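See below for the structure under consideration.
Number of protein chains: 2
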Amino acid sequence: MLDTIKYYRSFQAGQTLIWAGDRMEFVASVVTGIATLSQVMEDGRTQTVGLLFPSDFVGRPGRDLAPYDVTAVTDVMMCCFRKKPFEELLHSTPNIGQRLLEMTLDELDAAREWMLLLGRKTAREKIASLLVIVAQRAASLEMRMAKGKMVFDLPLTREAMADYLGLTLETVSRQMSSLKRDGVISLEGTRHVSVPDFDRLLEEAGDDTDGGFLG
Amino acid sequence: MLDTIKYYRSFQAGQTLIWAGDRMEFVASVVTGIATLSQVMEDGRTQTVGLLFPSDFVGRPGRDLAPYDVTAVTDVMMCCFRKKPFEELLHSTPNIGQRLLEMTLDELDAAREWMLLLGRKTAREKIASLLVIVAQRAASLEMRMAKGKMVFDLPLTREAMADYLGLTLETVSRQMSSLKRDGVISLEGTRHVSVPDFDRLLEEAGDDTDGGFLG
DNA sequence: CGCGAGCCTTGACCCAGATCAAATAAATGT
DNA sequence: ACATTTATTTGATCTGGGTCAAGGCTCGCG
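Taken in sequence, the protein lines are chains A and L. Under the numbering used here, the first sequence has 883 at position 123, and the numbering climbs by one with no breaks. Under the numbering used here, the second sequence has 955 at position 195, and the numbering climbs by one with no breaks.
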C-alpha cells in the first residue's frame with residue numbers, strides 16, 4: 761500500500777528535523793517551507809552546505825547515517841518515503857534513478873558554484889549572490905513584481921545567512937545596510953526585500969553566469 | 761564496435777583539457793594522473809572545485825557545455841566515451857546509472873565537506889586538510905610507509921593548492937613552512953612530504969570525521 | 001501597556017590573511 | 001656548467017572582515 765511507503769510530516773520553524781549522525785530510516789522531499797543542511801565542527805563553527813526549497817530531495821539511498829543537520833528555517837512539510845521500499849522502487853523503476861541522478865548533478869553544480877562564492881567572493885558579493893539565489897528560488901512561490909520592483913521575503917535570519925556565506929552575522933548586517941545605502945536593495949523591516957534593478961544586483965554578485973539558467 | 765564509443769587521450773601536465781563553455785562531445789574517466797576542475801571569474805579570481813584522481817568521472821550526461829575548466833596538473837591519460845552512444849548505454853544498462861548516481865553522491869558529499877573547509881577553516885586547517893585528502897587518495901598509487909612515516913608526493917604547485925583552498929600562494933607557502941617548523945610534516949624539496957604522525961595531521965585539519973571513510 | 005526575549009544594527013578595535021616586493025631555489029634548455 | 005625561466009620562500013605592510021560591546025527594534029505575553 762502506498763501509505764506504508766509514503767507519509768507526510770510537518771515541522772516548526774527552528775526545529776532540527778535530523779541531526780548529523782542520526783540513523784535515517786527515510787528519504788524525503790520538501791513539500792512546503794525552507795530548510796538548511798549544515799555541518800558543525802566540534803567547537804561550534806557552522807557551515808550551511810545547502811538550502812532546501814520545495815521539491816528538493818533529502819537523504820541518500822544506500823546510506824543510513826545522516827551526514828548533516830537538517831533544520832527547518834520556516835515551517836516545513838516533508839513527504840517521506842521509508843528507505844527500504846523506496847530503494848526497491850528505485851531498482852525496479854529506472855526512471856526514478858534517472859531523475860535522481862539529474863537532481864544530484866544539479867545539486868553538485870550548485871555546491872560547486874557555492875565553493876567559488878566561499879573561496880573567492882567578497883562579503884558584499886556573497887550577500888548579493890545569496891539575494892539572487894533566494895529571489896530566483898522563491899520566485900515561483902511568493903515573489904511579486906510591484907512597479908517594476910522585484911519584492912520578496914528573505915526566509916533566513918542574519919545568523920543563518922552568515923552560516924551559509926561563511927561570514928559572521930555582524931558582517932551580514934553591515935553589508936545589508938551598505939547595499940541598502942547604495943540603493944541596490946531596499947528593506948521594509950528586516951526581511952522584506954525589494955530590488956529595483958535586478959541586473960544591478962547580478963553585477964554586485966560578481967557572477968559570470970547571468971540569471972543562473974543551466975549552462 | 762567499442763572503439764567507436766571509447767578511446768584514450770593523453771595530456772601533458774599544465775595543459776587545459778577542456779575550457780568552461782566548450783562543447784563536450786564526450787564524457788571521460790581519469791586513467792592515470794591528476795587534474796583539477798576550476799571556475800574562473802572575469803577578473804581572474806580562480807577557485808578549484810574538484811580534484812580528479814584516477815577512476816574519477818568527468819562530464820555530465822544530458823548537458824553539452826562544460827561548466828568548468830579541466831586542467832591536467834600531472835600528465836594525464838583519460839578514457840573518453842562519445843556522449844551519444846554513452847547516453848544510450850546509460851539508458852539500456854541500469855547498473856551504469858546506479859553506479860553513476862553513487863559516484864555523483866560521493867562527489868556531492870566531498871563538495872560539501874569542502875564548503876565547510878572554505879567557509880570556516882583557518883589557513884593552517886585548510887593546508888592540513890588538503891594534505892590528508894592527498895595522502896588518502898594518492899595512497900593507493902604512490903604512497904610509501906618508511907619507518908612509520910607516511911611519505912608521498914604532492915602533485916600540486918603552491919598556486920594550485922591556493923586555488924583549491926581559497927588562499928593566496930604566499931599564505932600556502934607560509935603555512936607549509938609553519939607545519940614543517942612545528943614537526944607536523946617534513947619536506948624534501950617542495951613536493952616530497954612525509955608525515956611522522958598522521959593522527960597529528962588529522963587533528964591539525966580540525967576534522968570531525970577521522971579518516972574520512974563514509975559515515 | 002509595559003516587560004522580556006530574540007533579533008538586528010552600529011561602533012571601536014584587532015588580527016589572519018592579502019598585497020607588495022625582494023631574494024632564493026628549482027627546473028629547463030643549450 | 002651556465003643562462004633563463006619558473007617556482008617558492010620570506011619580509012614588511014595593509015585591510016577586510018572578525019571580535020567584543022552596546023544599544024535599538026519587534027513581537028508575543030502577562
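Glycine included, C-beta positions come from ideal geometry on N, C-alpha and C. Every value quoted in this text rests on a predicted model; they were computed, and no experiment measured them.
- Inclusion of L:Arg884 and L:Glu964 in the CB contact set at 8 Å is warranted, their separation being smaller than that value.
- A residue is called buried when at least 16 other Cβ atoms come within 10 angstroms of its Cβ; A:Leu825 does not meet this threshold and is exposed.
- Cβ proximity to chain L below 9 Å picks out Arg823, Leu825, Ala826, Pro827, Tyr828 from the segment 823 to 836 of chain A.
- Boundaries for L:Val944: no beta strand (DSSP E) harbours it, and the DSSP string shows neither H nor E there.
- Annotated as distal: L:Met936 and L:Ile893, with beta-carbon spacing of 8 Å or more.
- With the criterion set as a beta carbon lying under 8 Å from some beta carbon of chain L, the members of the segment 857 to 871 of chain A are Gly857, Gln858, Leu860, Leu861, Glu862, Thr864, Leu865, Glu867, Leu868, Asp869, Ala871, in sequence order.
- At a beta-carbon threshold of 8 Å, none of the residues of chain A lie near L:Gly819; the nearest stands roughly 10 Å away.
- It is roughly 20 Å from the alpha-carbon of L:Arg897 to the alpha-carbon of L:Val932.
- Among the CB atoms of chain L, none fall inside 8 Å of the CB of A:Glu847.
- Residues of the same chain with a CB within less than 7 Å of the CB of L:Arg769, apart from the 5 flanking positions on each side, are Met838, Cys840 in chain order.
- Counting along the chain, L:Arg951 sits inside no alpha helix (DSSP H), nor does DSSP assign it H or E at all.
- Contact between the segment 819 to 833 of chain L and the segment 782 to 790 of chain L is present, with at least three C-beta pairs closer than 8 Å.
- Annotation: the continuous beta strand (DSSP E) that includes L:Ala788 extends over 786 to 792.
- Segment contact: the segment 857 to 874 of chain A against the segment 854 to 866 of chain L, three or more CB-CB distances shorter than 8 Å; contact assigned.
- The Cβ atoms of L:Ala895 and L:Val944 lie no closer than 8 Å to each other.
- At a cut-off of 8 Å, the C-beta of L:Glu802 has a neighbouring C-beta in chain A.
- In the three-state reduction of the DSSP assignment, A:Asp829 falls in the strand class, which pools E and B.
- As the crow flies, the alpha-carbon of L:Gly774 is around 42 Å from that of A:His851.
- Within chain L, the C-beta atoms nearer than 8 Å to that of A:Arg880 come from Met801, Arg805, Thr806, Gln807, Gly926, in chain order.
- Taken through DSSP and simplified to helix, strand or coil, L:Gly810 comes out as strand.
- The beta-bridge partner set that DSSP reports for A:Thr864 is empty.
- L:Ala788 is the residue among L:Leu877, L:Ala788, L:Met921 whose C-alpha sits nearest the C-alpha of L:Pro814.
- Here DSSP, grouped into helix, strand and coil, assigns A:Ser937 to helix.
- At least one CB atom of chain L sits nearer than 8 Å to the CB of A:Asp968.
- For the options L:Glu948, L:Gly819, L:Lys844, L:Arg820, the alpha carbon positioned closest to that of L:Val911 is the one of L:Glu948.
- Closest by C-alpha distance to A:Gly908, out of A:Ala870, A:Asp959, A:Ser938, is A:Asp959.
- Where L:Ser852 is concerned, there is no enclosing beta strand (DSSP E), although the alpha helix (DSSP H) around it starts and stops at 843 to 852.
- The beta carbon of L:Pro821 lies closer than 8 Å to those of Val787, Lys843, Phe846, Glu847, Leu850, Leu860 in the same chain, with the five residues before and after it left out.
- In the three-state scheme derived from DSSP, where H, G and I count as helix and E and B as strand, L:Ser889 is classed as helix.
- Against chain L, the CB of A:Met921 has no partner CB under 8 Å away; the residue lies outside that interface.
- For A:Leu876, the secondary structure class from DSSP, reduced to helix, strand or coil, is helix.
- Against chain A, the beta carbon of L:Met784 has no neighbour under 8 Å; the closest one sits roughly 11 Å away.
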